[in-house]
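Chemist:
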Amino acid sequence: DQIPDVKDAPDAVDLPKIQGQVQFEDVSFGYLKRHRVLKDIRFSAAPGQVIALLGATGSGKSTIMNLLPRFYDPTGGRVLVDGHDLRQVKLASLRSQMGIVLQETTLFAATIGENIAFSQPNATQDEIIAAAKAAQAHDFISELPDGYETHVGERGVTLSGGQKQRIAIARALLANPAILILDDATASVDTQTEQLIQTALGNLMNGRTTFVIAHRLSTVRRADQILVLERGQIVACGTHDELLEQSAHYQEIYNKQLRPQERSLPVGE
């Protein structure tokens with residue numbers, strides 16, 4: 007009754023270089039076949055759009071994120087990228103064109119430079135530094151005695167949460183994916199670091215199809231589409247302004263989670 011492991015189909019083909027169009031066609035999913043956590047999910051994202059996912063814990067946000075890089079396959083319906091059914095393309099060719107930056111960042115026992123260049127081992131030092139600058143990480147790296155040659159321990163234990171997150175953003179920038187999967191929550195960091203991370207995320211999202219589990223007012227305001235999820239279904243879809251007018255679900259989330267942030271937003275956010 008468990009879901010099958012994901013692997014390449016015998017006739018799978020390489021996914022060509024993608025623009026980043028994504029479609030979910032009547033997608034359902036259950037970690038156990040009789041227990042569906044997504045039901046009839048249907049939406050499309052044009053290349054370069056920002057799609058914000060909102061909803062309570064257990065509403066299905068993370069499951070949608072897990073279907074995009076094909077960590078799981080839908081139990082019903084199809085996920086398409088640039089018109090290609092994900093089950094018909096090779097996993098490596100799909101995942102190499104996606105970037106994932108979550109709140110819990112995985113770093114490897116290697117140098118900071120090697121961590122940034124993890125998916126691009128042939129990157130030049132100039133390319134690594136350019137990615138770190140866009141990720142607002144260059145300054146703190148430069149202040150370390152060994153700079154980019156600084157070794158981080160297993161899981162990055164020598165760095166703070168905010169530093170690890172910015173290295174993960176630099177890694178994604180260097181990989182230059184067409185599709186991004188983000189969680190905009192920041193680890194418990196001070197206000198200045200928070201603003202640096204938000205700037206870095208903005209640089210990363212620019213021009214890429216981005217799916218973001220949204221916790222922040224600034225994220226939903228910039229989203230081209232907000233999908234409001236409840237119990238595995240999309241209960242509202244639209245922009246921030248549209249949903250404030252039309253969706254009671256969104257109004258409730260806005261009033262509880264997002265509106266209090268307005269009082270503490272820096273100018274220009």
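Its first residue numbered 7, the sequence shown is counted upward by one per residue in our numbering.
Heads up, the beta-carbon is just placed ideally off N, CA and C, and yes, glycines get one too.
As a quick exercise: from Asp14, Leu186, Asp46, His157, pick the residue whose alpha carbon is nearest that of Gly82.
Modeler: Within the sequence shown, the letter at position 76 stands for residue 82. Out of Asp14, Leu186, Asp46, His157, Asp46 has the C-alpha closest to the C-alpha of Gly82.
Chemist: Within 10 angstroms of its Cβ, does Ala242 collect 16 or more other Cβ (buried), or is it exposed?
Modeler: Position 236 of the sequence shown, counted from the first residue, corresponds to residue 242. Classification for Ala242: buried.
Chemist: For Glu155 and Gln142, I'd like the C-alpha separation in whole angstroms.
Modeler: Within the sequence shown, residue 155 is the residue found at index 149, counting from 1. Within the sequence shown, residue 142 is the residue found at index 136, counting from 1. Rounded to whole angstroms, Glu155 to Gln142 spans 18 Å at the Cα level.
Chemist: Is Ile60 helix, strand or coil by DSSP?
Modeler: Here residue 60 corresponds to residue number 54 of the sequence shown, with the count starting at 1. Correcting the residue type first, residue 60 is Leu in the shown sequence and not Ile. Note: Leu60 maps to strand in three-state DSSP.
Chemist: Expressed to the nearest angstrom, what Euclidean distance is found between the alpha-carbon atoms of Lys178 and Thr111?
Modeler: Within the sequence shown, numbered from 1, the residue matching residue 178 stands at position 172. Within the sequence shown, numbered from 1, the residue matching residue 111 stands at position 105. Looking at the sequence provided, one finds Ala at residue 178 rather than Lys. In a straight line, the C-alpha of Ala178 is about 12 Å away from that of Thr111.
Chemist: Between the alpha carbons of Ile147 and Gly153, how many angstroms are there, rounded?
Modeler: Here residue 147 corresponds to residue number 141 of the sequence shown, with the count starting at 1. Here residue 153 corresponds to residue number 147 of the sequence shown, with the count starting at 1. Spanning the two alpha carbons is a distance of roughly 5 Å.
Chemist: So what's Gly82 in DSSP terms, helix, strand or just coil?
Modeler: For this step, residue 82 is matched to residue 76 along the sequence shown. Strand at Gly82.
Chemist: Tell me the DSSP bridge mates of His90?
Modeler: For the purposes of this step, residue 90 is taken as the residue at position 84 of the sequence shown. Beta-bridge pairing links His90 to Val87.
Chemist: Compare the C-alpha of Glu120 against each of Ser65, Leu180, Asp11 and name the closest.
Modeler: Here the question's residue 120 lines up with position 114 in the sequence shown. It is Leu180 whose Cα lies nearest to the Cα of Glu120.
Chemist: Using the Cα positions of Gln239 and Val43, report the straight-line distance between them to the nearest angstrom.
Modeler: Numbered from 1 along the sequence shown, position 233 holds the residue referred to as residue 239. Numbered from 1 along the sequence shown, position 37 holds the residue referred to as residue 43. Rounded to the nearest angstrom, the two C-alpha atoms are 8 Å apart.
Chemist: Assuming Ala58 and Ile232 are in contact, meaning their beta carbons sit under 8 Å apart, how far apart are those beta carbons, in whole angstroms?
Modeler: Translated into the one-based positions of the sequence shown, residue 58 becomes position 52. Translated into the one-based positions of the sequence shown, residue 232 becomes position 226. That pair is a contact at about 5 Å.
Chemist: Taking the CB atoms as reference points, tell me whether Leu223 and Leu264 lie closer together than 9 Å.
Modeler: Along the sequence shown, read from residue 1 onward, the residue named residue 223 stands at position 217. Along the sequence shown, read from residue 1 onward, the residue named residue 264 stands at position 258. A contact, by the Cβ cut-off of 9 Å.
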